[in-house]
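Residue numbers for the sequence shown follow the numbering used here, beginning at 397 and rising by one.
Note that beta-carbon positions come from the ideal geometry of N, C-alpha and C, so glycine has one too.
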Amino acid sequence: MENTFDLSQFDKYREDNRREVKKANGGLPISLWDTYSAFANCYGGVIILGVKEEKDGSWKTTGLQNASKLRKDFWDTINNSKKVNINLLSEDDVEMYEVGDNKDVIMVIYVPMAKREQKPVYINNDIFNGTFRRNYEGDYHCTRLQVKTMLRDQTERTMDMEVLDKVPIEDLNYDTIHGYRNSHRSLKEGHPFERLSDHEYLRSIGAAAISEEDGKLHPTAAGMLMFGDEYNIVRHFPEYFLDYREELDPTTRWSDRLQSSSGEWSGNVCDFYFRVYNKIIKELRYLSKWSVVSVLMILQCTRHFVRLWQTA
397 MENTFDLSQF
407 DKYREDNRRE
417 VKKANGGLPI
427 SLWDTYSAFA
437 NCYGGVIILG
447 VKEEKDGSWK
457 TTGLQNASKL
467 RKDFWDTINN
477 SKKVNINLLS
487 EDDVEMYEVG
497 DNKDVIMVIY
507 VPMAKREQKP
517 VYINNDIFNG
527 TFRRNYEGDY
537 HCTRLQVKTM
547 LRDQTERTMD
557 MEVLDKVPIE
567 DLNYDTIHGY
577 RNSHRSLKEG
587 HPFERLSDHE
597 YLRSIGAAAI
607 SEEDGKLHPT
617 AAGMLMFGDE
627 YNIVRHFPEY
637 FLDYREELDP
647 TTRWSDRLQS
657 SSGEWSGNVC
667 DFYFRVYNKI
677 IKELRYLSKW
687 SVVSVLMILQ
697 CTRHFVRLWQ
707 TA
């Protein structure tokens with residue numbers, strides 16, 4: 397799981413929405429399964445056993461007394477459908493490391509994000525009381541409404557979720573991505589997504605996904621439309637064309653025009669939105685009071701389109 401755990405960075409890590417540490421002195425912690433459910437139902441994460449969190453938030457290894465038995469107990473439990481409704485892990489998702497001068501053994505469990513059709517991931521054979529979500533560094537019970545929403549979404553797979561298996565993730569426009577992330581950062585300062593790498597961020601908002609064909613990260617259809625370059629977008633969506641015209645003077649066809657196919661800018665949906673938004677704001681000073689009210693209502697609706705991606 398990309399960038400969620402690197403042993404060389406151990407001393408720098410803190411618990412957050414993707415990382416959780418547990419001592420595991422007396423065997424597998426009961427709360428381990430709450431965290432497994434929470435990570436699986438959100439964006440994935442890593443659970444590290446044999447580590448405790450100090451008062452200042454730093455990590456200190458406590459080690460595992462019988463690491464091989466603990467590992468076997470883990471696999472026995474996660475494959476028990478009465479404890480966990482689905483096992484999302486492969487053998488490569490559980491690793492053992494020796495840390496520090498004392499050679500303390502820790503167990504690192506990489507929990508992937510569950511696919512839409514696999515959610516909700518729950519424990520104790522209780523879908524409504526055993527379903528959790530991750531919120532920063534805590535695991536919280538999902539409400540009945542959240543569980544029902546996951547159940548409903550199991551059967552809904554929209555066209556924008558399609559993974560473009562032949563398109564490398566590098567084909568996206570990273571200037572657009574960084575501009576969008578800056579907008580997200582100013583709108584929701586301190587959001588946990590700020591800590592994610594670009595690739596983790598794209599995956600978290602649905603703009604990229606792991607391909608079932610090669611196991612690598614690729615853009616989704618939505619990600620290509622939002623963050624791709626126009627010449628790449630039209631290869632997958634031949635009818636794609638965005639066109640904005642300002643018609644302020646009835647004696648002329650238009651006073652300003654912005655087209656996705658001009659080749660002067662990226663041509664993607666994200667940049668189009670912000671360019672048009674800025675143009676409209678600039679022209680508001682020329683409009684009558686009632687025209688301003690109408691335009692502001694339109695902008696409010698349009699702004700919602702982009703905010704749908706900026707997950708709370």
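Alanine 617 is not a Cβ neighbour of methionine 546, given a cutoff of 9 Å. The residue from Asn569, Ser600, Pro615 and Leu568 with its alpha-carbon nearest to that of aspartate 561 is Pro615.
Where phenylalanine 633 is concerned, there is no enclosing alpha helix (DSSP H), because DSSP gives it neither an H nor an E.
Contact check for glutamine 550 against glutamate 513 passes: the beta carbons are separated by less than 9 Å. For tyrosine 627, the three-state secondary structure derived from DSSP is helix.
In this structure, DSSP gives glycine 534 an extended state, which the three-state scheme calls strand.
Spatial neighbours of arginine 599 in its own chain (CB-CB distance under 8 Å, excluding positions within 5 residues in sequence) are listed in chain order as Tyr439, Met509, Ala605, Ile606 and Leu613. The three-state secondary structure of methionine 509, taken from DSSP, is coil. In this structure, the alpha-carbon of leucine 592 lies about 24 Å from that of methionine 492. Between threonine 400 and arginine 410, the C-beta gap is not smaller than 9 Å, which leaves the two residues out of contact. By the neighbour-count definition (other C-beta atoms within 10 Å, threshold 16), arginine 548 is an exposed residue. In this structure, serine 433 lies away from valine 490, with their beta-carbon atoms at least 9 Å apart. Phenylalanine 528 and phenylalanine 470 have their C-alpha atoms some 19 Å from each other. A residue is called buried once 16 or more other Cβ atoms fall within 10 Å of its Cβ, and phenylalanine 623 is buried on that count.
Ranked by Cα distance from glycine 534, the options Glu585, Lys465 and Asp430 are led by Asp430.
Distances from the CA of arginine 530 to each of Glu660, Val442, Lys675 and Glu643 were compared; the closest alpha carbon is that of Val442.
Between leucine 460 and isoleucine 519, the alpha-carbon positions lie close to 24 Å from each other. Of all alpha-carbon atoms in Asn674, Thr473, Thr647 and Val507, the one lying nearest the alpha-carbon of leucine 654 is that of Asn674.
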